[in-house]
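Q: So the protein sequences, as listed, match chains A and B. Going by the UniProt record's numbering, the first sequence opens with residue 1, and the numbers climb by one from there. Going by the UniProt record's numbering, the second sequence opens with residue 1, and the numbers climb by one from there.
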Amino acid sequence: MSQQAPQEIGQLSFGLMDPEEYREMSATKIITADTYDDDGFPIDMGLMDPRLGVIDPGLECKTCGKHSGSCNGHFGHIELAAPVIHVGFAKLIRRLLRGTCRECARLCLTEDEKREFSENLDRTRALGQDLNDVTKAAIRQARKKDRCPHCGEPQYDIQHEKPTTYYEVQQVLSSEYSDRIAAAMEPDEDSERVTPTELAEETDIDPGRIQEILSGDFRPREEDRKAIESALDVDLTEEDMNKLMPSDIRDWFEAIPDEDIEVLGINSDRSRPEWMILTVLPVPPVTARPSITLDNGQRSEDDLTHKLVDIIRINQRFMENREAGAPQLIIEDLWELLQYHVTTFMDNEISGTPPARHRSGRPLKTLSQRLKGKEGRFRGSLSGKRVNFSARTVISPDPTLSLNEVGVPDRVAKEMTQTMNVNERNLEEARRYVSNGPESHPGANYVRREDGRRLKVTEKNCEELAEKVEPGWEVSRHLIDGDIVIFNRQPSLHRMSIMAHEVVVMPYKTFRLNTVVCPPYNADFDGDEMNMHALQNEEARAEARVLMRVQEQMLSPRFGENILGAIQDHVTATYLLTNQNPHFNETQALDLLRATRIDELPEPDGVEDGEEYWTGRTVFSELLPDSLDLEFTSSAGDTVVIEDGELIEGTIDEDAVGAFGGEVVDTIAKQYSRTRGRIFINEVSSVAVRTIMHFGFSISIDDESIPPEAQAQVDEAIEEANERVEELIETYERGELESLPGRTIDETLEMKIMQTLGQARDSAGDIAEDHFDDDNPAVVMAESGARGSMLNLTQMAGCVGQQAVRGERINRGYENRTLSHFEENDLSADAHGFVEHSYREGLNPKEFFFHAMGGREGLVDTAVRTSKSGYLQRRLINALSELETQYDGTVRDTSDTIVQFEFGEDGTSPVEVSSSEEEDAVDVDQIADRVLESEFQDEREKEQFLGETREPTNLSEHADDWWLAQSDD
Amino acid sequence: MTEYDVSNDIEAIVEDADLPRRLKDEVYETLADRDVTTEQADEIVQATVAEYYNSRVDPLDPVGTVSAQSIGEPGTQMTMNTFHYAGVAEIDVTQGLPRLIELVDARKEPDTPMMTVYLEDEFAQNRERAHEVVWKIEATKILQLGDVSTNVADMLVQVALNEDTLRERWPTVEDPVEVAEEIAATIESKLGVETRQRGLVIEFGPEQPSYRDLLQLVEELREIVFKGIEEISRVVIRKEETDQGEEFILYTEGSAFGDVLDIEGVDASRTTCNNIHEIHRNLGIEAAREAIIEETMNTLEEQGLDDVNIRHLMLVADIMTNEGTIESIGRHGISGSKDSVLARAAFEVTVSHLLDAAIHGEIDELDGVTENVIVGKPIKLGTGDVNLRMTSGSGEQAD
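1) What three-state label does DSSP hand B/Ser392 in the structure shown?
2) Run through DSSP, which three-state label would B/Leu19 get?
3) Of all the CB atoms in chain A, is at least one closer than 8 Å to the CB of B/Gly330?
4) Counting pairs of Cβ atoms below 8 Å between the stretch 406 to 415 of chain A and the stretch 438 to 445 of chain A, do you hit three or more?
5) A/Trp335: which of A/Lys846, A/Ser368, A/Gly352 and A/Pro246 sits nearest, CA to CA?
6) Note down, in chain order, all residues in the stretch 482 to 511 of chain A with a beta-carbon under 7 Å from any beta-carbon belonging to chain E.
7) Out of curiosity, what's the CA-to-CA distance linking B/Gln397 and A/Phe389?
8) Please tell me whether, using a cut-off of 7 Å, the distance from the CB of A/Ala523 to the nearest non-hydrogen atom of the ligand COA is below it.
9) Measuring alpha carbon to alpha carbon, tell me which residue in B/Val225, B/Leu19 and B/Lys338 is nearest A/Asp893.
10) Can you list, in chain order, the residues of its chain whose CB lies under 6 Å from that of A/Val194, leaving out five sequence neighbours each side?
11) May I have the straight-line CA-CA distance separating residue 979 of chain A from A/Glu254, to the nearest angstrom?
12) I'd like to know whether the C-beta atoms of B/Asn298 and B/Pro110 end up nearer to each other than 8 Å.
13) Please report the Cβ distance between A/Leu107 and B/His360, rounded to the nearest whole angstrom; I am assuming they are in contact, meaning their Cβ atoms lie under 8 Å.
14) Can you list, in chain order, the residues of the stretch 48 to 71 of chain B whose Cβ is nearer than 8 Å to any Cβ on chain A?
15) Got a sec: is the Cβ-Cβ distance from A/Ile266 to anything in chain B below 8 Å?
16) Just list the residues that DSSP pairs A/Glu168 with in beta bridges.
17) DSSP state of A/Arg359, grouped into three classes?
18) Touching or not, the stretch 869 to 881 of chain A and the stretch 65 to 76 of chain B, by the rule of three or more beta carbon pairs under 8 Å?
19) Does A/Tyr887 have its Cβ less than 8 Å from a Cβ in chain B?
20) Can you look up A/Glu836 in the DSSP assignment and give me helix, strand or coil?
21) With C-beta atoms as the reference, is A/Met548 less than 8 Å away from A/Met499?
22) I'd like to know whether the C-beta atoms of A/Val516 and A/Thr574 end up nearer to each other than 8 Å.
23) Suppose only complete runs of 4+ residues qualify. What are the alpha helix (DSSP H) ranges in the stretch 675 to 763 of chain A, listed by chain order?
24) I need the boundaries of the alpha helix (DSSP H) containing A/Leu92, first residue and last residue.
25) Using a Cβ-Cβ cutoff of less than 8 Å, which residues in the same chain neighbour A/Thr35 once the five nearest sequence positions on both sides are dropped?
26) Show which residues of chain B have a CB atom less than 7 Å away from the CB atom of A/Leu791.
27) In this structure, does DSSP put A/Ala636 in helix, strand or coil?
28) Would A/Ile93 and A/Met276 be called neighbours here (beta carbons separated by less than 8 Å)?
29) What is the DSSP secondary structure of A/Ser390, counted as helix, strand or coil?
30) Among A/Ile567, A/Asp629, A/Ala444 and A/Ser634, which has the Cα closest to the Cα of A/Arg787?
31) Could you say if the stretch 362 to 370 of chain B and the stretch 333 to 347 of chain B meet the contact criterion of at least three C-beta pairs nearer than 8 Å?
32) Looking only at C-alpha atoms, which of A/Phe620, A/Leu601, A/Tyr508 and A/Asn537 sits nearest to A/Val641?
33) What three-state label does DSSP hand A/Tyr508 in the structure shown?
34) I want to know whether the stretch 250 to 264 of chain A touches the stretch 109 to 126 of chain A - three or more CB-CB distances under 8 Å.
35) Identify which residue in B/Leu215, B/Ile293 and B/Asp356 has its Cα closest to the Cα of A/Lys91.
36) According to DSSP, simplified to helix, strand and coil, what is B/Trp135?
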């Protein structure tokens, strides 16, 4: 590999190309439409000419001498027999034709107007607004002129027939002029007959000439025609459509002076208008249109090649015919055909023209189609790139990992490498990796010698190669525990969808995650797959570790609270641990804490039956930082009080330790550090797992059943509601129903029925709820916020309730009824989708059908929503992606336009302030208290508090012992 | 110099600190409350500064992308259900994702325009007075004031006005006939026909007896707005608890913000509407920015996503109003007016952007994000915008 100085693109300029330039850059002229000869070799000056680049491995490029892969390919060219129009510029060509003089080709604007427009243009350009508005106005102004202000030539209208035909519309003397004059001279209701003499007098034309005109022997000149027209008030003209051939247009455009073009916003240095009419067609290099060899040995050409074949064929026929002196009609037909092929070569989706098709009937994918759209060159290949050093597989949970870690299958670790720069200090280590070979785990796959030569490490040469490794070499070693990698789950909706993890190499085939990182990734384990990327330089690794590691992303910038935290069973477990504050003996308490760093229990809370016991809250308190003070309301409804790191009272549940804003987690992450937060979450989840193993937790259908007397109550409540609905309907039918303000009577009835049935479901739910014990697993989950809600429970045990489509009771189906089971115009509850059974009882067929209707709406809604919100997200990101805060606190885009003088009006980071609470980001009172009361463990903590030293952010998980030793709590 | 009771030394310390005014005042307040030594004060100030720095956005933070994600991500959790009753049960308003899309699109006319009209003084307290404002705002068609019938024999359209309705609507007018006269005058001017009025009955017909013309007149009569603002089809009065006590508030279906502000009794300082363009026209760009923030926040709140930080919405509103006019987010607005050809081409309508660029001879300076991704250079955001290099060799610290 050549070690050239890396080159960087400074800027890109756009412009049209001169035909001469095409010829110059062309490697060869293409004259034959054939590609390969019978032996399978490319034909010289054919479409696959070897000078256009190589695609077959092993061959050498005739132009640059490089081989396939390193040769980018070279353009060729086709000399077109006649000029053709570039479709992309059809509109602009029309505008230019309309705006410039047909004789002198100058822009039909006076000097003053020109100046005005070009000033206007400069202003719009400086403001960065759309130039087209100004140029369109200039053309509109120029079109108004009947005559050219420069040469006085009368101007005619230009008609454009899509896509590429232009006509000049002239008013010429009608062939039946004599008849028209005669008709006009005949007397009508309110005028006398005009005699030829009178006409001659009025028009100043010689009477003899008038006679000749009348007889049709003499065609009046233009001024005579006008005179007769005005004298007799007749129209003697008819439209004459004169087709402008591309060659005419080209000649016309060539004459447009540079300064006139500038007024129309065209940059005359880079783009001359005549270049919009092609005389030479560049032929893309073969590398841009590779042919593929099918299984049967047949070659299949690219769509572009097919199109080029067509162009060359017609081009040749055109030339032959012209040389043979074929009639004009045939030439014009061929010209049009050539135009069609060149047009579809550039864009095959032009409205009004049939698309060029492949033999199979599939429309060809030509140049425009290659660039456009999601899979096109721009969005598909340039903005989204494929990468090496990436892996993708199914994920599965592993509660023994830290949230910062990811379990990587050994087979992945052996494939993905990290580059070691060998020096004296790591020489031994590097040799060890190499000597392990590529097959056994902490091995190496490649080495690079000092001279830049890359060698593959194989089972055979590894021992030998290990000896040779010297300082200065590079060793591509396998991933090992502690390496940092980037981990991602699509859709990447927010920045927490891509985070850095530390590697833990593991057996089997899946990536392993701690369950607490599921919320930021929005992952579950029902078959989700995730991607991993190994970082390839120290800068990237350092940035990933400091900025992207999971613990650093603990707080979401969307709502400024923690997004990591206990989920599902963890929440259930902490609830079980703290709600009833159960007692544990020493063995049990130590067992709960065994996966944490705590190995000593505090003073027991008391003695029971001669045995010391510890309460659940005491066990939980062990995980809290010693100086934590907090008070808030839990989702179970009680007040949680934490004083000096002791949980005094209250239930620890979703609101305390849950993801999405658990108070305790949030406070620790903000007031202490992200590292402390990570340790806390990890320990809460380990204790939770132990706790739930201690208590045991399961749920079954029986847990939702209610006693028969409760069931009777529920039935009664629903029956009552049904009666009330009947009453409402009767009132309505009697016409006595009073309508709500602004609603019709029908709407009022619907609303009242919905309300009644809603209440019925709620009361059924209340009845069911009364019969559940507090230790009912479904109740525990709903109360603690772990999973499910009271509504879910109501639907399972009480009554499913009204099914709705578009926010109304179900009203669709047959004429005036929902199903043929009901009578027409039946307004009752069950005829419009009220499900009075519970999920546990089971739904009857009609109910089931209505339930499916409601469910279907939900599914459709989700499907529509994902596409809509995806597009919204794309647009938002595209519009805002360039904004960045500056050192002076302003928010600017990359061209330095100020968008905000201070981010969010106060410059506060959205990560640091919770949006749901009205608290200041900086609490001076609290700071003062802390300073005055000197609640510091040691000097270091104080220094950190005063901002003199900073907490290290790049510490690996494995440095925890060291970190904890620094600040012991 | 300050009004707080602190020593000069402390004052000097606080004044020297790199803190905004608001925080300095807070520090003074805190220090004045406590008995602190100068040393302690210094530490408190130092800790406050540390905390303040900590709470600020980092320089070179890509706040744009973060804000875009913070609004886009909850979009996946919103409902598509268009119509729902917002606050007022009687008026349907577009909600959820469609409304959010409508806002960032900066549509000229919202799907369901509405206004919230606050009233002044006694108009806000007295239902009768509030009703007076309603009559001025709500479009009143003649059809609503009486019965219209056609007399084919005499080729006449008869409008029989309902006396009770007129008395209810114009309680101050003694004789309803006066109102009828006014109505007749309106009909004459709007339809260009002669009318005859007998008491509360207005009669008129086409100039030449023609059955078609007669029906035509009836059709046109339906469209005539006699009183009120044409765009506003319905007004709902509600008594609500606000920070100014209990008062009457009007909610309207349809909006004509500029017209309503001029009506007597309307509190122009609090009245709003959900059409950001109308607000822009009448109150200017800053008000429009405020309206965008307010409306997006309300839309998110309605969906239970009120935890989205308002700073993100501010940034979106700021970029939409940055040019002094409201620009939409998308190809017709911000994304379509970017400097870079490549960025525009990579967003939407790829080919025409490239062709235009060629004609105008544009130069892409490769400043932005998308362009640099395309050409494979590091982007100038975040850590890519820092030009710092570690000096190699000597371990000494450069100062």
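Cβ coordinates follow ideal geometry from the N, Cα and C atoms, glycine included.
A: Quick answer:
1) coil
2) coil
3) yes
4) yes
5) A/Pro246
6) Of the protein chains in this structure, namely A and B, none is chain E.
7) Any reading at B/Gln397 must be qualified, since the residue scores a pLDDT of 48, below 50, and its modelled position is unreliable; the value itself is stated next. Taking the straight line joining both Cα atoms gives about 36 Å.
8) Although the ligand COA was asked about, the structure shown includes no ligands whatsoever.
9) B/Lys338
10) Met185
11) Lying before the first or after the last residue shown, residue 979 of chain A is absent from chain A, which here runs from 1 to 969.
12) no
13) That pair is no contact at about 17 Å.
14) Thr48, Val49, Ala50, Glu51, Tyr52, Tyr53, Asn54, Ser55, Arg56, Val57, Asp58, Pro59, Leu60, Asp61, Pro62, Val63, Gly64, Thr65, Val66, Ser67, Ala68, Gln69, Ser70 and Ile71
15) yes
16) A/Ile158 and A/Asn242
17) coil
18) yes
19) yes
20) coil
21) yes
22) no
23) 708 to 733
24) Ala90 to Gly99
25) Pro42, Ile43, Gly46, Leu47, Met48, Ser291, Arg299, Glu301, Thr305 and Val309
26) In chain order: nothing, as chain B lies at least about 14 Å away.
27) coil
28) yes
29) strand
30) A/Ile567
31) yes
32) A/Phe620
33) coil
34) yes
35) B/Asp356
36) helix
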